[in-house]
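Peer 1:
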Amino acid sequence: MFGAGGGTSSYQEVEETDLIFLWGSNARETHPIFFHHVLKAVNDGARLYVVDPRRTGSAQWADGWFGIDVGTDIALSNTMAREIIHAGLHNREFIDRATSGFQEYAASVEEWTLERGARETGVPADLIREAAHAYANADRAMICWTLGITEHHNAVDNVFCLINLALLTGHVGRYGSGLNPLRGQNNVQGGGDMGAIPNKLPGFQDIERDGEARARFEQAWGATIQPKYGWHLTQMFAAMERGELRTIYVVGENPAQSEADAKHTMHLLEGLDHIVVQDIFLTRTAELADVVLPASASWCEAEGTVTNSERRVQRVRRALDPPGQAWDDIEIVCQLAARLGHDFGSPTSEQVWDELRSLSPMHAGMAYSRLEALGGIQWPCVDEQDPGAQFLHGRLWADPVTGPPAPFNVVEHELPVDELDDDFPIRLTTGRRLESYNTGVQSGGYSSPLRRGESLDLSPEDCERLGVADGEEVRISSRRGSVTAPVRIDDSLRPGLAFMTLHFPDEVETNVLTIEATDPASGTAEFKAAAIRVEKLPLAQPKEQAGGVAVPAR
Amino acid sequence: MDLRLIAGEPSAAERDAVDAVLGPPGSSWVGGDRGEDAQVARGGHAARSQRHLLLPVLHEVQGTIGWISPQALGYVCRRLTIPPAEAYGVASFYALFGLEPRPPLVAHVCTDIACMCRGSRPNSA
């Protein structure tokens, strides 16, 4: 945010803050290590508010749980903002000194009275009021979020609405106050840092706008870089649809099962001319591939670095040799380059890293020896004397403020694209469970006593209304497709709300149901909100008696 | 520390015993009827600040029901936001709390020296 794609705060600050909002996050199950830091804060007296349509394991720890209707985050945020402004609890000095656009923002939230906010979100006005006051009055407060915010068609607006609250109250750029997206893997942050996003070079340097950075990379690489943003995943699928993208090279990703509207995704992938997959497992996507490049497991079979949610770059060391024909990723890329007529040599991971340091100013001071000596360093770290940055945006509190002011962004509340109606009356939201990970590629090979396979989780009331028992197989249909799955009665759900995971796509293809309604800026699909119908299956026909006439199968 | 609550509902009598000490549940999520407050819950520090009522609640359940069933213990944990392992640790520490069904009337005979001097031994035969 404000130009740098990372959380603002360190884990130590999470432990020492006074108030934590977990917004669209069930960190208890999906970010269990981070949640330990949250629990330390809670045990030291920090207040915890959890915003989640489901009463999750995280919500059980909360002082207040907001069981909002799916997709009403902006309504909640705008209502809190109006309440803060009307109670005179906004940080006027900070707003005047360090932000822009406050007047327009204040005017835009004016219509969000507590009554309207309560009506739109489903959460009582007194809890909204209480939390707004608690957040504004806290000495230190942070908002942490995950996919409940970003897996919506208006993902970027959802993030803006949280940033607005922090700017309104001055809860950013200070020790213990911040805005933190929690990262779902040990190195999601590192992927972004290294430029594995279509609009940035390594170190978040803009491909289109930062000509100076582009020139530095061109000189170092001896190649021309087009000043043009690439496609993100969603745009790639759109390009496949148009026939413009005919070949893909997939590294460590399983789009055949992870994308929304899975049937359509498969159709597009099967129509391509050529697919290369580089992965440690033979994923469903790899099964479609023309060439599979077996790679090494990055956490134990490769040298390198990872970056975690607090922007800390850490060393990873090779403990085992990759099995069989598997190679280190660097080796694969260099050999591929050689076959394509470019000599990348055979650099060590440290040589690759040192090149990165010479081109990405925010990593410049992170020599391997320093990463080892200091137990990792948080970016930005501009030279070898720099200890790194515990928190970001301290400049907003400098006197005078350095750099451009942080802008408020006016955001409008919009309901999910997949509307509820009489045919599809139940809101399905998807997510993860503690013991499994995404499409199960990384977790399915290990047994867990907690794993119970896919189910449609439904409230006791809905199960009673439908006349279905726990474990009974039902048909689940959305406007895009239909699957069957066993029902699990879950009293953490309220009537009208259902939950499924995407962990077992070979059993139940949940993403047949989800909608490919994407945010134009982030490209993330609205996995969190599909409209579904649940139907009891007719009783299974009794099997043909022995001796009956066998009908040949067609 | 984690909060993985015991499944299963307490009997009406067990619920009444717990509520007699803690007051009625504040929302359906801690044991009230499922209904209007499906989208809100409060707890956290307010619930845990009643931790000192754990022993009085266990006494009440033991006194009125005669033993502390897993479901009753689970309900106590849900009301106080206490991990079941912690509440079980307390309940199982004291011999006078029963974690299995007991006869309606249980006589305890003290085998301490002072009581023996006062003639308790014949009673324990």
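Quick mapping for you: the protein sequence lines, in order, are chains A and B.
Take the first sequence: its letter number 455 is residue 455 in my numbering, and every next letter is one higher.
Take the second sequence: its letter number 48 is residue 48 in my numbering, and every next letter is one higher.
Note that beta-carbon positions come from the ideal geometry of N, C-alpha and C, so glycine has one too.
Should residue 43(A) be labelled buried (16 or more other beta-carbon atoms within 10 Å of its own) or exposed?
Peer 2: Within the first sequence, numbered from 1, the residue matching residue 43(A) stands at position 43. It is exposed - the Cβ of residue 43(A) has fewer than 16 other Cβ atoms within 10 Å.
Peer 1: Can you name the start and end residues of the alpha helix (DSSP H) that residue 84(B) belongs to?
Peer 2: Counted from its first residue, the second sequence places residue 84(B) at position 84. It spans 84-93 - the alpha helix (DSSP H) in which residue 84(B) sits, taken as one unbroken run.
Peer 1: Can you name the residues of chain C whose CB is closer than 7 angstroms to the CB of residue 48(A)?
Peer 2: Although the question refers to chain C, the structure presented lacks it and instead comprises the protein chains A and B.
Peer 1: Straight-line CA distance for residue 413(A) to residue 385(A)?
Peer 2: Stepping through the first sequence from its first residue, residue 413(A) is reached at position 413. Stepping through the first sequence from its first residue, residue 385(A) is reached at position 385. Answer to the nearest angstrom: the Cα atoms are 46 angstroms apart.
Peer 1: Would you mind reading off the limits of the alpha helix (DSSP H) that contains residue 191(A)?
Peer 2: Residue 191(A) sits at position 191 when you count from the first residue of the first sequence. Start and end: 188-193.
Peer 1: When the cut-off is 8 angstroms and only beta carbons count, does residue 39(B) lie next to chain A?
Peer 2: Reading the second sequence from its first residue, position 39 is the one you call residue 39(B). With 8 angstroms as the cut-off, residue 39(B) counts as an interface residue toward chain A.
Peer 1: For residue 124(A), which residues in chain B fall below 9 angstroms Cβ to Cβ?
Peer 2: Position 124 of the first sequence holds residue 124(A). Result: 37, 39, 40.
Peer 1: Taking Cβ-Cβ distances shorter than 8 angstroms, what residues in chain A pair up with residue 73(B)?
Peer 2: Taking the first residue of the second sequence as 1, we reach residue 73(B) at position 73. The contacting residues do not exist; residue 73(B) stays about 17 angstroms from chain A at best.
Peer 1: Residue 434(A) CB to nearest chain B CB: under 8 angstroms?
Peer 2: The residue labelled residue 434(A) in the question sits at position 434 within the first sequence. Not an interface residue.
Peer 1: Give me the chain A residues within the contact set of residue 67(B), using Cβ-Cβ distance strictly less than 8 angstroms, ordered along the chain.
Peer 2: Within the second sequence, residue 67(B) is the residue found at index 67, counting from 1. In chain order: nothing, as chain A lies at least about 26 angstroms away.
Peer 1: I'd like to know if residue 135(B) contacts chain A, where contact means its C-beta is closer than 8 angstroms to some C-beta of that chain.
Peer 2: Nothing about residue 135(B) can be read from this structure; chain B reaches only from 1 to 125.
Peer 1: For the beta strand (DSSP E) that contains residue 486(A), what are its first and last residues?
Peer 2: The count along the first sequence starts at 1 and reaches residue 486(A) at position 486. Counting along the chain, the beta strand (DSSP E) containing residue 486(A) begins and ends at 482-489.
Peer 1: Out of 50(B), 76(B), 33(B), 43(B), which has the shortest C-alpha to C-alpha gap to residue 64(A)?
Peer 2: Taking the first sequence and counting its residues from 1, one reaches residue 64(A) at position 64. Of 50(B), 76(B), 33(B), 43(B), the residue nearest in Cα terms is 43(B).
Peer 1: Buried or exposed: where does residue 84(A) fall if 16 or more other Cβ atoms within 10 Å of its Cβ makes it buried?
Peer 2: The residue given as residue 84(A) occupies position 84 in the first sequence. That one is buried.
Peer 1: What is the residue span of the beta strand (DSSP E) that residue 78(B) lies within?
Peer 2: Sequence index remark: in the second sequence, residue 78(B) carries index 78 (1-based). From DSSP, residue 78(B) is part of no beta strand (DSSP E) but of the alpha helix (DSSP H) over 70-80.
Peer 1: Got a sec? Which residues, its chain only, sit under 8 angstroms from residue 84(B) by beta carbon, not counting five neighbours each side?
Peer 2: If you number the second sequence from 1, residue 84(B) lands on position 84. So the qualifying residues of the chain are 4, 5, 6, 73, 74, 77.
Peer 1: Output the boundary residues of the alpha helix (DSSP H) element that contains residue 85(A).
Peer 2: Here residue 85(A) refers to the residue found at position 85 when the first sequence is read from its first residue. Residues 73-86.
Peer 1: Is the Cβ of residue 68(A) closer than 8 angstroms to any Cβ of chain B?
Peer 2: What you label residue 68(A) is simply residue 68 of the first sequence in a count that begins at 1. It does; some Cβ of chain B falls within 8 angstroms.
Peer 1: Closest to residue 517(A) by C-alpha separation, out of 151(A), 159(A), 215(A), 244(A), would be which residue?
Peer 2: In the first sequence, counting from the first residue as 1, residue 517(A) sits at position 517. Taking only the C-alpha atoms, the option nearest residue 517(A) is 151(A).
Peer 1: Closest by CA to residue 100(B), which one among 18(B), 19(B), 65(B)?
Peer 2: Within the second sequence, residue 100(B) is the residue found at index 100, counting from 1. Closest option to residue 100(B), Cα to Cα, is 65(B).
Peer 1: Could you check where the alpha helix (DSSP H) with residue 437(A) kicks off and where it finishes?
Peer 2: On the first sequence, position 437 is the one that residue 437(A) refers to. Unbroken run through residue 437(A): none, as it is neither H nor E.
Peer 1: Interface residues of chain B around residue 59(A) at Cβ under 8 angstroms?
Peer 2: In the first sequence, residue 59(A) corresponds to position 59, counting from 1. Residues of chain B passing the Cβ test: 41.
Peer 1: Output the residue ranges of the beta strand (DSSP E) runs that lie fully inside the segment 248-312 of chain A and measure 3 residues or longer, sorted by chain position.
Peer 2: Whole beta strand (DSSP E) segments, 3+ residues: 274-279, 291-294, 304-307.
Peer 1: Where in the segment 5-68 of chain A do unbroken runs of the alpha helix (DSSP H), each at least 4 residues long, occur, reported from the N-terminal end onward?
Peer 2: Correct list: 11-16, 27-30, 32-43.
Peer 1: Tell me the start and end of each unbroken alpha helix (DSSP H) in the segment 352-385 of chain A that is at least 4 residues and wholly inside, in chain order.
Peer 2: Correct list: 368-374.
Peer 1: Which residues bound the beta strand (DSSP E) around residue 477(A)?
Peer 2: On the first sequence, residue 477(A) is found 477 positions in, with the first residue counted as 1. Unbroken beta strand (DSSP E) run through residue 477(A): 473-477.
Peer 1: Of all the CB atoms in chain B, is at least one closer than 8 angstroms to the CB of residue 63(A)?
Peer 2: Numbered from 1 along the first sequence, position 63 holds the residue referred to as residue 63(A). Yes - at least one Cβ of chain B is within 8 angstroms of the one on residue 63(A).
Peer 1: In the DSSP assignment, what residue or residues form a beta bridge with residue 200(A)?
Peer 2: Your numbering for residue 200(A) matches position 200 in the first sequence. In the DSSP output, where bridge partners are listed per residue, residue 200(A) has 206(A).
Peer 1: According to DSSP, is residue 37(B) part of a helix, a strand, or is it coil?
Peer 2: Translated into the one-based positions of the second sequence, residue 37(B) becomes position 37. Residue 37(B): coil per DSSP, three-state reduction.
Peer 1: Indicate whether at least one CB of chain B lies closer than 8 angstroms to the CB of residue 546(A).
Peer 2: By 1-based counting over the first sequence, the position of residue 546(A) is 546. Bear in mind that the predicted position of residue 546(A) carries a pLDDT of just 38, short of 50, making it unreliable; the figure below should be weighed with that in mind. Not one chain B Cβ lies under 8 angstroms of residue 546(A).
Peer 1: Using a Cβ-Cβ cut-off of less than 8 angstroms, give me the residues of the segment 423-456 of chain A that come near chain B, in sequence order.
Peer 2: Taking 8 angstroms as the Cβ-Cβ cut-off against chain B, none of the residues of the segment 423-456 of chain A qualify.
Peer 1: May I have the straight-line CA-CA distance separating residue 524(A) from residue 33(A), to the nearest angstrom?
Peer 2: Working through the first sequence from its first residue, we reach residue 524(A) at position 524. Working through the first sequence from its first residue, we reach residue 33(A) at position 33. The alpha-carbon atoms of residue 524(A) and residue 33(A) are separated by roughly 25 angstroms.
Peer 1: Distance, Cα to Cα, residue 13(A) vs residue 177(A)?
Peer 2: Working through the first sequence from its first residue, we reach residue 13(A) at position 13. Working through the first sequence from its first residue, we reach residue 177(A) at position 177. So the alpha carbons of these two residues sit roughly 8 angstroms apart.
Peer 1: For the segment 181-195 of chain A and the segment 97-111 of chain A, state whether three or more C-beta atom pairs, one from each stretch, are separated by less than 8 angstroms.
Peer 2: In short, these stretches do not touch, since the Cβ pair count stays below three.
Peer 1: Smallest Cα separation from residue 8(A): which of 172(A), 447(A), 149(A)?
Peer 2: By one-based count along the first sequence, residue 8(A) stands at place 8. It is 172(A) whose Cα lies nearest to the Cα of residue 8(A).
Peer 1: Within the chosen definition, does the segment 88-104 of chain B reach the segment 48-61 of chain B through at least 3 CB pairs nearer than 8 angstroms?
Peer 2: Yes, they touch.
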